[in-house]
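First residue of the sequence shown? That's -14 in the working numbering, and the numbers climb one at a time after it. All remarks here apply to the structure that follows.
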Amino acid sequence: MSDARADATLGDAPEPGRDPEPDLAPEPVAHTLGGLVPGTGPDGRPAADAPLVAVTGVTGYVGGRLVPELLAAGYRVRALARHPERLRGRPWYDDVEVVAADAAEPEQIRAALDGVDVAYYLIHSLGSGRTFEERDRRTAQVFAQAAAAAGVGRIVYLGGLYPEGEELSPHLASRTEVGEILLASGVPTTVLRAAVVLGSGSASFEMMRYLTERLPAMTVPRWVANRIQPIAVRDVLRYLVGSAAMPPDVSRAFDIGGPDVLTYREMMQRYARIAGLPRRLIVQVPVLTPRLSSLWVSLVTPVPGGLARPLVESLVHEVVCDEHDIAAHVPDPPGGLIGFDRAVRLALARVQGASVTTRWSSALPPGAPSDPLPSDPGWAGGSLYVDERRVLVDASPAALWRVVEAVGGERGWYSWALAWRVRGLLDRVVGGPGLRRGRRDPARLLVDDAVDFWRVEQLVPGRLLRLRAEMRVPGLAWLELRVEPADAGTDPPDVPGARDADGPWDPDAWRRPPVVFAQRALFHPHGLAGQLYWWAVYPFHGVVFGGMQRNVARAAQTAERARADRGVTRADG
């Protein structure tokens, strides 16, 4: 590898929340694979005679992202899972063949691989206990024998990058052994060996993210000085898809990595800069063993200890690619592989739209491979704290919505008025807008309207008001107010997608009590200051947000009674 490729520039990072390459995130990786993939038909779907690929590990991090990429490349997909019911609700569920199969059961996996051209092996037992090596060995042997018996044309496996000639950690040794078992199967096999995968939800990336965000100063073990060649999850997926088309005479392992070679210390400092955090104080000490380090990681981050320990043990090795032979079969994309800084920016997608609880991404459209998926573990995608409250209101949905849409400004926030005024004053002192902006209109809102120190981010008339905080806080904050039907038959008219479960909308039901008022406060902390801020203000949520919910509900009920007293038959009369 050339020095030019290894030494990445430390150029200035863009402002947090800005998307430097908006065209990169949503595009299927197949768009840069030219004639390597079959391609879809005029209807955007794989052809009936397209190669059939089987994917294991579809409920995992890589597998869940690989399936839609294979479909976009024109492959027919058979998704193998021990519990197929866990796949319901995935966007691609109706576009694939779902088969119940346990990869450790010879008869099940043999039947599941029948007629398959390419089989993706994306299974490991990492984090499942001390005997994970034996489980991985056994499952790989069963899969290899079943693939050979079924006449599978190629196996593709994603393993770990490791240095030659060293005693490996149990995790890396197991991943290496699995690759060797598959290569010895008699089936042409592609083993892709990667180090740290950069993408929200990747365990290695999330561990680095949490450590950097939560600790402005830290003591670290010697392994933070080891060199690592990380790779963006988008490039991993591209290599996986492209490997399906390798010729039968190719059966070997390939090192895959991004264009940057960095130490773990450099990765944390660059992450901090890109995320808009102050430079971290990192003090290296010789006494932290991998075991102590993993205990420390599991204490500071939400990554489970059983997963943190094998990951930390693997970091004692320098993991840098020795070759780039993969380019002979899967050429680099026209714009080159994704560097560390760009991969981190793509992974730091700000929470937006209806996916607010599953991703926090800047201006990226949903669907980037680096974004968290709803199926990712709870610690994936960074911290997102939620205060959620729901109450049944004895008022019509229309009456409640009129109160919700009029919050802020002259009417205030329906709770501890003094606390809101003090918060607004403090915000102005530190350079924020405070409460002085008020509202454009006292009763009606539009997307992008300012409401005191909030801004309207999303508005579904009669249904949803989402406000994004513009006050000075160490993180990103939202307040979400929803009007929800008390039963399946009270959806409001003229709201896209809000259709009665039994047929047409019922306008009369939209004017009748009761209704549910749902309220959520969401906060994505920025560094340690953000964590401390959330826990400092959390005790006041019951007074501020609880009071707001009660008083909004009371105002809606009062309006409903006044309407009934006037004999008004229409809620908007």
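Cβ coordinates follow ideal geometry from the N, Cα and C atoms, glycine included.
Would Val127 and Ala96 qualify as a contact pair, given that the criterion is a beta-carbon distance under 8 angstroms? With a cutoff of 8 angstroms on beta-carbon distance, Val127 and Ala96 are scored as not near each other.
Going along the chain, which unbroken runs of the alpha helix (DSSP H) with 4 or more residues stay wholly within the region 122 to 188? Entirely contained in the region 122 to 188, the alpha helix (DSSP H) runs reaching 4 residues are, in chain order, 155 to 168.
Rounded Cβ spacing between Ile568 and Tyr249 (contact assumed at less than 8 angstroms): Shown here, the chain extends from -14 to 558; a query on residue 568 therefore has no answer.
Regarding Ser381 and the ligand FAD, is the C-beta to nearest heavy atom distance less than 7 angstroms? The ligand FAD is absent from the structure shown, which contains no ligands of any kind.
Less than 8 angstroms between the C-beta atoms of Glu395 and Pro418, yes or no? No, they are not a contact pair.
What's the call for Trp520, buried or exposed, on a 16-neighbour Cβ count within 10 Å? exposed
Test item: CB-CB of Arg451 and Glu442 under 8 angstroms: yes
Given this structure, state the Cα-to-Cα distance separating Leu280 from Pro524, to the nearest angstrom. 29 angstroms
For a test of the three-state rule: what should DSSP assign to Leu449, helix, strand or coil? strand
Name the DSSP bridge partner or partners of Val378? Val500
With DSSP as the reference, identify every bridge partner of Asp550, one or two as the case may be. Partner(s): none; Asp550 has no beta bridge.
Can you tell me the Cβ-Cβ gap for Ala229 and Tyr60, rounded? I've got them flagged as a contact below 8 angstroms. 7 angstroms
Applying the criterion that 16 or more other CB atoms from any shown protein chain within 10 Å of the CB defines a buried residue, is Leu143 buried or exposed? buried
Can you find at least 3 beta carbon pairs, one from the region 70 to 85 and one from the region 251 to 271, that sit closer than 8 angstroms? no
Taking the C-alpha atoms as reference points, what is the distance between Trp345 and Leu333? Confidence in Trp345 is poor, its pLDDT being 26 and thus under 50, which makes the residue's placement unreliable; the coordinate value appears in the next sentence. Taking the straight line joining both Cα atoms gives about 7 angstroms.
Here's the rule: buried if 16 or more other CB atoms are within 10 angstroms of the residue's CB, otherwise exposed. What is Arg265? Buried is the call here.
Please classify Tyr78: is it buried, with 16 or more other beta-carbons within 10 angstroms of its beta-carbon, or exposed? exposed
Should Leu56 go down as buried or exposed, given a rule of 16 or more other Cβ atoms within 10 Å for buried? buried
Output the distance between the C-alpha atoms of Arg294 and Ala104, rounded to the nearest integer angstrom. Straight-line Cα distance between these residues: approximately 30 angstroms.
Any idea which residues DSSP pairs Asp240 with across the strands? Asp240 pairs with Arg178.
Please return the same chain residues whose Cβ sits closer than 7 angstroms to the Cβ of Asp310, not counting the five positions on each side in sequence. Phe239
What are the uninterrupted segments assigned as beta strand (DSSP E) that are 3 or more residues long and contained completely in the region 57 to 112, given in chain order? 61 to 66, 82 to 85 and 103 to 106
Would Pro233 pass as a contact of Pro173 if the rule is Cβ separation under 8 angstroms? yes
Buried versus exposed, by CB contacts within 10 Å (16 or more), His511: buried
Beta bridge counterpart(s) of Met203 as assigned by DSSP: Ile267
Hey, how far is the Cα of Asp437 from the Cα of Arg424? 7 angstroms
Grab me the residues of Thr204's own chain with a C-beta within less than 6 angstroms of its C-beta, minus the 5 sequence neighbours each way, in chain order. Val268 and Val270
For Leu322, count neighbouring Cβ atoms within 10 angstroms of its own Cβ and tell me buried if that reaches 16, exposed if not. buried
Ala313: which of Leu21, Pro446 and Ser154 sits nearest, CA to CA? Leu21
Output the distance between the C-alpha atoms of Ala544 and Glu373, rounded to the nearest integer angstrom. Going from the Cα of Ala544 to the Cα of Glu373 covers about 25 angstroms.
Helix, strand or coil for Asp220? Go by DSSP, reduced to three states. Helix.
Below 8 angstroms CB to CB, which residues in the same chain sit around Asp8 once its five sequence neighbours on both sides are set aside? Any reading at Asp8 is ruled out, since the residue's pLDDT is 45, under 50, leaving its predicted position unreliable.
Does the pairing of the region 58 to 76 with the region 206 to 222 give three or more beta-carbon distances under 8 angstroms? no
Output yes or no for whether 8 angstroms exceeds the beta carbon distance between Gly460 and Tyr518. Between Gly460 and Tyr518, the gap from beta carbon to beta carbon is short of 8 angstroms.
Please work out which residues of its chain come closer than 8 angstroms, Cβ to Cβ, to Arg546, disregarding the five sequence neighbours upstream and downstream, and give them in chain order. none
Taking DSSP as the reference, what is the three-state secondary structure of Thr17? For Thr17, the three-state secondary structure derived from DSSP is helix.
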